[in-house]
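Structure first, commentary second.
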Amino acid sequence: AQTVTQSQPEMSVQEAETVTLSCTYDTSESDYYLFWYKQPPSRQMILVIRQEAYKQQNATENRFSVNFQKAAKSFSLKISDSQLGDAAMYFCAYRSPINDYKLSFGAGTTVTVRA
Amino acid sequence: EAQVTQNPRYLITVTGKKLTVTCSQNMNHEYMSWYRQDPGLGLRQIYYSMNVEVTDKGDVPEGYKVSRKEKRNFPLILESPSPNQTSLYFCASSFRGATEAFFGQGTRLTVV
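Just so you know, the sequences run in chain order A and B.
Reading the first sequence from the start, the letters are residues 1 to 115 in our numbering.
Reading the second sequence from the start, the letters are residues 1001 to 1112 in our numbering.
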C-alpha cells in the first residue's frame, strides 16, 4: 500500500511571500499520479495541481508549482506571492494507475497567511 | 453543472440510530468512493464502487455499508453509528482511468 507523508502540520507565510509544503510518498510503482488539493474553510476539495510521474517537467499552475523528485519520492508544493485566499488545508495525494479507484492522502498541512 | 451532491451537509445523531448519507453525481462516472477525514489522518477511503452493483471495501470499512443500484447514486449507510464515526465524510467520483476525481461538499457527522 502506498503511504503519503506530510511532515508539516502547520505553516505560516506573510502575504506576498513564498511558502513550500513538503510531501513524501512510498511506492514500488514506476508510473503514478500525484496531486495537491486545497481545502478552504468551506470544506470543498479543490484540485490545485497534478503531476504525472513519467513527466520529468515540474507542473505549474499560475502561482502554484511543484518540485517533483522521483528518485527521492518527494513532491513539494510552492505557493508564490501568497494571498489571503490561499489560507487553507493542503493535502498531498497519490493515485496508482492500477488501483485507480483510490486516492491515498497525506495528513494535511494548514497554511495561514499573515496580512 | 457537473457536480457531486451530498446530503445532508451537517448531521447530529445518537448512538445506534441508523442513518444514510446520500451521494449523487451527474457526470456518468463509473467510479465512486466514500472517504472520511479526521485530524492528523487526512482522508481515508471507506468503500468504493467501480460500477453498478460492484462495490468493495476500502481502508476503513468497519461500521459502514454502501450500495450502488444506479450509476449516479452511492449512499453511505451507518446501521448502528458510534461516537468513533464522528467525522467529516466526502463522496468522490471519476471516470475509469481519469486523473481527476470530483468531490462532494462534505458531510459533517457527529454521533453522541
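For each residue, glycine too, the CB sits at the ideal point set by N, CA and C.
TODO: Please list the partners that D31/A has in chain B, where partner means a Cβ-to-Cβ separation under 9 Å.
DONE: None at all; the shortest Cβ gap to chain B is about 12 Å.
- [ ] Determine the chain B residues that contact Y54/A at a beta-carbon separation under 8 Å, and present them in chain order.
- [x] Near Y54/A there are no residues of chain B at all, since even the closest Cβ is about 12 Å away, more than 8 Å.
Open item on the list: Alpha carbons only, please: which of R1096/B, T1110/B, Q1037/B is nearest the one belonging to Y1031/B?
Closed with: R1096/B
Task: DSSP three-state assignment for D1059/B, whether helix, strand or coil - done: Of the three classes helix, strand and coil, the one that applies to D1059/B here is coil, per DSSP.
- [ ] Check each candidate in L77/A, Q51/A, F91/A, T18/A and name the one with the smallest Cα separation from P40/A.
- [x] F91/A
Task: Option in G1104/B, R1108/B, V1112/B, T1110/B with minimal Cα separation from N1026/B - done: Nearest of G1104/B, R1108/B, V1112/B, T1110/B to N1026/B, Cα basis: G1104/B.
Task: Option nearest M1050/B by Cα separation, candidates V1112/B, A1098/B, V1111/B - done: A1098/B
TODO: Could you confirm whether any beta carbon from chain A is found closer than 7 Å to the beta carbon of F1095/B?
DONE: no
- [ ] Taking C-beta pairs closer than 8 Å, name the residues in chain B that Q44/A reaches, listed in chain order.
- [x] Under the 8 Å cutoff, chain B gives F1103, Q1105, G1106.
- [ ] Going by DSSP, name the residue or residues bridged to Q1105/B.
- [x] In the DSSP output, where bridge partners are listed per residue, Q1105/B has none listed.
- [ ] Please list, in chain order, all residues of the same chain as L125/A whose beta carbon is under 8 Å from its beta carbon, the five residues on each side excluded.
- [x] With chain A covering only 1 through 115, there is no way to say anything about residue 125/A.
Open item on the list: Output needed for Q14/A: all residues of its chain with C-beta closer than 6 Å, excluding positions within five of it in sequence on either side, in chain order.
Closed with: R114
Open item on the list: In the DSSP output, which residue or residues are listed as bridge partners for R95/A?
Closed with: Y33/A
Task: Residues of the region 1025-1051 of chain B whose Cβ lies closer than 7 Å to any Cβ of chain A, in chain order - done: Y1031, S1033, G1040, L1041, G1042, L1043, Q1045, Y1048, M1050
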